[in-house]
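The next block holds one structure in the form of structure tokens; read it before the comments.
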Amino acid sequence: MELTDDATCNGAAKWSDAFKEPDAVFEINKVKEILPHRYPFLLVDKVIEFEPGKRAVGVKKVTANEEFFNGHFPARPIMPGVLQVEAMAQVGGIVALQEPVTDGKGDFFFAGVNNVKWRRPVVPGDTLVMEMELTAFKKKFGIVKMKGVAYVDGNKVVEGDFQFAMVKSE
Numbered sequence: 000m001e002l003t004d005d006a007t008c009n010g011a012a013k014w015s016d017a018f019k020e021p022d023a024v025f026e027i028n029k030v031k032e033i034l035p036h037r038y039p040f041l042l043v044d045k046v047i048e049f050e051p052g053k054r055a056v057g058v059k060k061v062t063a064n065e066e067f068f069n070g071h072f073p074a075r076p077i078m079p080g081v082l083q084v085e086a087m088a089q090v091g092g093i094v095a096l097q098e099p100v101t102d103g104k105g106d107f108f109f110a111g112v113n114n115v116k117w118r119r120p121v122v123p124g125d126t127l128v129m130e131m132e133l134t135a136f137k138k139k140f141g142i143v144k145m146k147g148v149a150y151v152d153g154n155k156v157v158e159g160d161f162q163f164a165m166v167k168s169e
């Protein structure tokens, strides 16, 4: 059933097809099995590409209902840059907290972030698509290094070099 005959309207079915989401390699429940984060600090909705021990691409749908928009900034909501970096780090955790890097037991902490550059604000309605790539792993010291980049609508919004410390559980 068509709701409109107007030739200038696409209708919901065509728009829905245009917005079709890529299939998840790890949907949200699997992400929660890997990462210890929970609402409101879990900033990865799904993973759409994954190469064990190498890289992952994760997605964060940024909505107007995000808790941080209550204060940053009510009249002009912008996703804080530190939370963009945190979301990227969580995608990095998807790589680091699994074989062959680790056995998933233990914790994953920021040890440093360098050369971070923001290109434009991330706002409600944006889909943040983040890629983290492992560049070095020093097992003896528990150090993981990664390069990260994130995009909205195909435009780079943030990039940086990340360093993490892996701490074994006792």
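Start counting the sequence shown at 0; every next residue gets the next number (numbering that gives the first Met the number 0). Virtual Cβ for every residue (Gly too), placed ideally from N, Cα, C. Here the structure is a predicted model, which means the values were calculated and not measured.
Out of the options, which has the shortest C-alpha to C-alpha gap to residue i?
| i | options | result |
| --- | --- | --- |
| Ile142 | Pro120, Met129, Leu96 and Phe49 | Leu96 |
| Val156 | Thr62, Val84 and Phe140 | Val84 |
| Glu20 | Val58, Glu32, Asn154 and Asn69 | Val58 |
| Gly103 | Gly111, Val94 and Asp22 | Val94 |
| Val115 | Glu65, Phe161, Gly105 and Glu50 | Phe161 |
Thinking residue i and residue j are a contact (beta carbons under 8 Å), I'd like their distance in whole angstroms, please.
| i | j | result |
| --- | --- | --- |
| Ala55 | Met131 | 6 Å |
| Pro123 | Pro73 | At roughly 12 Å, the Cβ-Cβ gap does not stay under 8 Å, so Pro123 and Pro73 are not in contact. |
| Ala149 | Met87 | 6 Å |
| Met165 | Thr101 | 6 Å |
| Gly52 | Phe163 | Not a contact, Cβ separation roughly 14 Å. |
Starting from residue i, follow the alpha helix (DSSP H) in both directions and report where the run begins and ends.
| i | result |
| --- | --- |
| Ile93 | Gly80 to Ala95 |
| Ile33 | Ile27 to Ile33 |
With respect to the beta strand (DSSP E) encompassing residue i, which residues constitute its N-terminal and C-terminal limits?
| i | result |
| --- | --- |
| Ile142 | Ile142 to Val151 |
| Asp106 | Asp106 to Trp117 |
| Gly57 | Arg54 to Lys60 |
| Val46 | Lys45 to Glu50 |
Among residues of its own chain, excluding the 5 on either side of residue i, which ones have a beta-carbon nearer than 7 Å to its beta-carbon?
| i | result |
| --- | --- |
| Pro79 | Phe67 and His71 |
| Lys60 | Asp44 and Thr126 |
In chain order, what residues of the same chain have a beta carbon less than 6 Å from the beta carbon of residue i, not counting five sequence neighbours either side?
| i | result |
| --- | --- |
| Ala17 | none |
| Glu26 | Lys45 |
Where does residue i sit, in a helix, a strand or coil, going by DSSP?
| i | result |
| --- | --- |
| Ala11 | helix |
| Phe163 | strand |
| Glu132 | strand |
| Asn154 | strand |
For residue i, which residues in the same chain have their Cβ closer than 8 Å to its Cβ, ignoring the five residues on either side in sequence?
| i | result |
| --- | --- |
| Trp117 | Gly80, Gln83, Val156 and Val157 |
| Val151 | Arg119, Val121, Asp125, Thr126, Leu127 and Val128 |
| Arg37 | Lys31 |
| Gln89 | Leu34, His36, Leu41, Leu42, Val43 and Gly57 |
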